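Note that my numbering gives residue 45 to position 43 of the sequence shown, counting from 1, and the numbers run on in steps of one.
Worksheet: the structure to be examined is printed underneath.
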Amino acid sequence: MTVSYGCEGLLAVISGGTSGIGLAAAAKLAADGADVYILGRDREKGFLAAETILQHTMRKVAYLPCDVGDRAACETAIDNIEGKIDILINGAGIYFEQPLEKMSEEDYKRMTDVNIKGVMNLTAAAIPKLAEGGTIINSASDAALHGNYGCPLYCASKGAVVSLTKALALDLAPKVRVNCICPGDVETPMLSAQLAAGGYTREDLLSEYPLKRIASADDIAHVICAIASPENAFMTGSIILVDGGLTAK
3 MTVSYGCEGL LAVISGGTSG IGLAAAAKLA ADGADVYILG RDREKGFLAA ETILQHTMRK
63 VAYLPCDVGD RAACETAIDN IEGKIDILIN GAGIYFEQPL EKMSEEDYKR MTDVNIKGVM
123 NLTAAAIPKL AEGGTIINSA SDAALHGNYG CPLYCASKGA VVSLTKALAL DLAPKVRVNC
183 ICPGDVETPM LSAQLAAGGY TREDLLSEYP LKRIASADDI AHVICAIASP ENAFMTGSII
243 LVDGGLTAK
C-alpha cells in the first residue's frame, strides 16, 4: 500500500540513513516526492544506499559522509546541501550493553558522542538552513522512558534526547517543529548485535510484546514520515512511543 505524506518537493536530511530505520525513512520520503540527503560514516554503505533508492525514484538522493560526533564534519555536510532543509531526522545511534560499574571513560565517550553529542552537533549545524515550517525528528528509544536491564548508559543517552527534544521544541517554535520517536526493538543489524551481546534469543523478545512480533524498519519509518508531514503542523514537543505495546503493561 502506498501512503501519501505530502512531502513532495521537500528536502530531507537523515543521519544514520545508510541502514535500518534511517534507510527505510529515506526510501519512503523519496517515494513520497522529497529530495533526500543520507548522512553516515561508511562511504561504501552510503553510496550503495543512495544508489538503491535512486532505482525507485526520480527525486534527488545523495550520500554525504559525516561522523555526527564531529561538529566540523556536521558543518561540512550541511554546507554541501543545496537549498533549505525542510526535514531533519537525527537517526544515527549506537547501542551496547554493559553494567555501570564496568563503564570506562572511553565507553562513555563512545556512547554519548553519537547518541547525545551527535544529535546536538547535527542540529546546531542545520538550524541556520532550516526552512520556515521545517521539522526535526529525533530518534530515542523506549529505554529513554523506562529502565532496561544491562544498559544504563544507553538509557541515559536516549533519555537526554527526549529532554533535548522538548527544550528545542520551545526554543525553535514557531518556525520549526521538534518531535521524538521512541521505538521498541526493531529488526535492524543493531538488534542482531544486541541479541548476541545479551545472550538471549528472538523468542525471548517476542514473549515481551503484546503484538507478538518485533517492529520492522518500515513500521518505524512510517511513523517518522507521518510526523514529518506538513499535515502534522500542530505537533511539536511530542514524544511518540512506537513499541508494540511493550510499555503498556
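Ideal Cβ placement from N, Cα and C applies to all residues, glycine included.
Note that the coordinates shown come from a computational prediction; the quantities given were computed from them, not determined experimentally.
- In this structure, I87 sits near K131, with a CB-CB distance shorter than 8 Å.
- Taking C-beta separations shorter than 8 Å and ignoring five residues to either side along the sequence, the partners of A223 in its chain run I23, A26, A27, A29 and K30, following chain order.
- For the pair of segments examined, the stretch 131–141 was found to touch the stretch 224–232: the number of CB pairs separated by less than 8 Å reaches three.
- A distance of 8 Å or more separates the beta carbons of I242 and N150.
- At the C-beta level, A133 and C184 stay beyond 8 Å of one another.
- Using a Cβ distance threshold of 8 Å, L147 and L102 do not count as a contacting pair.
- Judged by their CB atoms, L13 and A36 are nearer to each other than the 8 Å cut-off.
- When DSSP states are grouped into helix, strand and coil, V5 belongs to the coil group.
- Contact check for A171 against G95 fails: the beta carbons are separated by 8 Å or more.
- Looking only at N123, G93, R73 and A158, the smallest Cα-Cα distance to Y110 is reached by A158.
- Taking the CA atoms as reference points, L174 sits about 33 Å from P191.
- Residue pairing by DSSP places R179 opposite T137 in a beta bridge.
- Secondary structure of A126 (DSSP, three-state): helix.
- A direct Cα-to-Cα measurement between A52 and I40 gives close to 7 Å.
- DSSP places S17 in the strand class (E or B) of the three-state scheme.
- When C-beta atoms of the stretch 64–76 are compared with those of the stretch 106–123, three or more pairs fall below 8 Å, so the two segments count as touching.
- Inter-residue distance for T167 and G18 is about 18 Å (C-alpha atoms, whole angstroms).
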